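Participant: Going by my numbering, the first residue of the sequence shown is number 1, and it counts up by one from there. Heads up, the beta-carbon is just placed ideally off N, CA and C, and yes, glycines get one too. Treat the numbers as computed from the prediction; the structure is a model and nothing was measured.
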Amino acid sequence: MPATSTTSPWTGFRSVSGRTLQDISDEKPTLLVFLRHAGCTFCREALADLHARLGEIEALGSQVAIVYQESPEGMRPLIEKNDLARVEQFSDPDRSLYEAFQLQLGRVRQLFNFKTLVRGFQAAITSGHGFGAVTSNVYQLPGAFLVHRGRVLREFRHQSASDRPNYSEMACPI
């Protein structure tokens, strides 16, 4: 009988700093946040939310890692603006890590609907997150996963581009 793997297919992915997702998630529970694209107001809002909650997430015993489609250089301004340079980052322009976590491409009604337009206005204008240029796949839906030791403990799969998970609740170890 062939041996079966006890690790998940995504554990070998390497961060911008060269560490594997397995190594990172072995240290402590890791809130792995997948972003849409750098120009998306909801991506910018997510980064601001992570910045605001980072201390609380770490106090819960978890850490944060971010996955984006852009190059590290392309994301640097947003990462620095939100003071998130110290969190692990995964640059995934071919979206293979997104696919490993089975994050779907959105359909038009998931990306452009009344709720998304209202929330988009609120995030971009009222909250000041703005918009930017589209530099990667605009159809990619985001998501967030609490991973630890090669296992997914919690997940949030966006049904709409405008969904807004509570990262503090997500990061609370089970």
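Any idea which residues DSSP pairs Gln89 with across the strands?
Facilitator: DSSP output for Gln89 lists Ile66 as bridge partner(s).
Participant: Contact check, Gln51 vs Cys43 under 8 angstroms by CB: the rounded distance?
Facilitator: Looking at the sequence provided, one finds His at residue 51 rather than Gln. The pair is not a contact, with the Cβ atoms about 13 angstroms apart (cut-off 8 angstroms).
Participant: Going straight from the alpha carbon of Ser160 to that of Pro142, what length do you get?
Facilitator: C-alpha separation (whole angstroms): 9 angstroms.
Participant: Count the other CB atoms, across all protein chains shown, that sit within 10 Å of the CB of Ser15; report buried if there are 16 or more and exposed otherwise.
Facilitator: Flag for Ser15 reads buried.
Participant: Straight-line CA distance for Thr41 to Ala59?
Facilitator: About 28 angstroms.
Participant: Who are the near neighbours of Pro29 in its chain, counting only those whose CB is closer than 6 angstroms to its CB and skipping five residues on each side?
Facilitator: The answer, listed in chain order, is Ser62, Leu146, His148, Pro173.
Participant: Given a cut-off of 8 angstroms, decide if Leu35 and Val64 are closer than it, judged by their beta-carbon atoms.
Facilitator: Result no, Cβ atoms of Val64 and Leu35 do not sit closer than 8 angstroms.
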